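Each residue of the sequence shown is one higher than the last, beginning at 609 in our numbering. From the three backbone atoms N, C-alpha and C, an ideal C-beta is built for every residue, glycine too. Predicted, not measured: the structure shown is a model, and the values here were computed from it.
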Amino acid sequence: MKTRKLGKTGINVSELVLGGGYVGGILLQSDEEEKLRAVQHAMDSGINLIDTAPSYGNGESEKSVGNLLPHVSPKPYLATKVQIDPLIRKDLAGQVEKSINASLTRLKTSSVDLVQLHNPLSKEDDIKHLGIDHLLGENGVINALQKAKDSGLTKYIGMTALGNPASCQIAIKTAAFDTAQVYYNMLNPSADMTVPSNWTQLNFLKLMNTCEDYQIGIMNIRVFAAGILASTKRSGREIAITGSGDFKFEEDEQRAEKLFRYLPKSKYTMAQQALRFSLANQKISCVVLGLASLSELKESLYVASAAPMDNPSLEKLKQVYNSNYTLAV
C-alpha cells in the first residue's frame, strides 16, 4: 500500500482509507466476525486510517470501531466528525465538546487523530447547513475545534467541503483546517478542473487547488458516486450529496454509461475504473472508501496495487466533461 502526505499534518496516510459510513455499510450492516475480518485485512494490507462519524448509524459505526480496535493490529489512525445543530446558536462550543466526548466514549479512547466538521456549509444557517458566520468568529465552530485540539482531544481538525462551494472556499482560506473531505469522482470532477459554463452538476469551483494552496490534506469522498460508478444495482442506501438533494439516478446513470463507453476498452470493471481515476490525481492525499463487503475491500486493494488511470484515458474523459456530456460517443 502506497502512502501520501496528509497535508500539513505530517501523517503519511495510506492511499485508501476505510470509511465507516452508511452508504457502503461494512461497519454497520455486517456481522461482528465479518467486520473484524474486514478491518484486520485492511490493516494487514497497509490501510492505516479509519474514518467514522457519530451520525453513521446513530453512533453504531463508532461503537463498532471501538469494539474492534482492541483486537486489531497494527493500530490505525482514527478520524471522526462533529455535526452540530446550526439553529441552536447559544453554545456552539458546548455542542462541539459534547459531540467529541460522546464519540470518544463510543470509540473507547481518550483522543483521536482527526476531528472533522461534518456539516455542509452555506452563507446562512438552516436545518442542515452551517452558516459561514457561525463557523468563523470568536464564538464560532473553528475556535471550538481549535480548543479541542489544544486540549488534546484531537491532534488535527478538518472539514467536510460540501454545501455551498463558495462558503467552502472561505473556510479553506482561513487556514485553520488540516484536512478537507472533498467530493470528486468521474461523474463530477469540478473540484479539480474548470468546467464549461453550461455545466449542469454542482460546480465545486476547483476546491482542490485552494486546499493545495493552504496545505490542507485532501480526503476524496464519494469516489463511486453513491454506487452509480460501481454497479447498475442499487442498495437502497444511496444518499444525495450535491445540489438540491434530489437524487437524479437516470441522469447520473446516463452520464456514467457515456463515460465508460468513451473510455478505451480495458480489463477493469466500472468500480475499478472509478477508483483508478481518483488515484491518478496526485493532489489527493487519500480516498475514503465506502464498502459493503470484504470482497469489495479486496477489489479496492487490487486496484491500489495496479497502475492508476493513464493520461490518454484521462484526456478522453476531459473531452466529455468539456462538452458537458453532449459529446457524441
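- By the Cβ neighbour-count rule, Asn-806 is exposed, with fewer than 16 other Cβ atoms within 10 Å of its own.
- Leu-897 is not a Cβ neighbour of Ser-913, given a cutoff of 8 Å.
- With the rule of 3 Cβ pairs closer than 8 Å, the stretch 658–668 counts as touching the stretch 627–635.
- Taking 8 Å as the cut-off, the beta carbon of Leu-738 is found closer than this to the beta carbon of Pro-694.
- Inter-segment contact for the stretch 746–766 and the stretch 798–812 is absent: fewer than three beta-carbon pairs are separated by less than 8 Å.
- By the Cβ criterion, the stretch 728–735 is not in contact with the stretch 785–792, since fewer than three pairs of Cβ atoms, one from each stretch, lie closer than 8 Å.
- Counting other Cβ atoms within 10 Å of its Cβ, Asn-793 reaches 16 or more and is therefore classed as buried.
- In terms of CA proximity to Val-621, Ile-892 leads the group Ile-892, Gln-754, Ser-707.
- Distance from the CA atom of Lys-698 to the CA atom of Lys-716, rounded to whole angstroms, is 29 Å.
- Counted as a single uninterrupted DSSP element, the beta strand (DSSP E) harbouring Asp-721 occupies residues 720–725.
- Per the DSSP secondary-structure output, Thr-688 pairs in a beta bridge with Val-723.
- When only Cα atoms are considered, Asn-817 and Val-790 end up about 11 Å apart.
- Taking the C-beta atoms as reference points, Gln-637 is found nearer than 8 Å to Ala-900.
- In this model, Asn-930 and Lys-924 are separated by some 10 Å (Cα to Cα).
- Bridge pairing for Asp-659: Gly-627, Ala-687 [DSSP].
- For Met-801, there is no enclosing alpha helix (DSSP H), as DSSP gives it neither H nor E.
- In this structure, Ser-711 is the residue among Lys-643, Gln-777, His-649, Ser-711 with its C-alpha nearest to the C-alpha of Thr-660.
- Under the 10 Å beta carbon count, Ser-669 is surrounded by 16 or more other beta carbons and is classified as buried.
- Your pair Glu-623 and Cys-894 checks out as a contact, with CB atoms roughly 6 Å apart and the cut at 8 Å.
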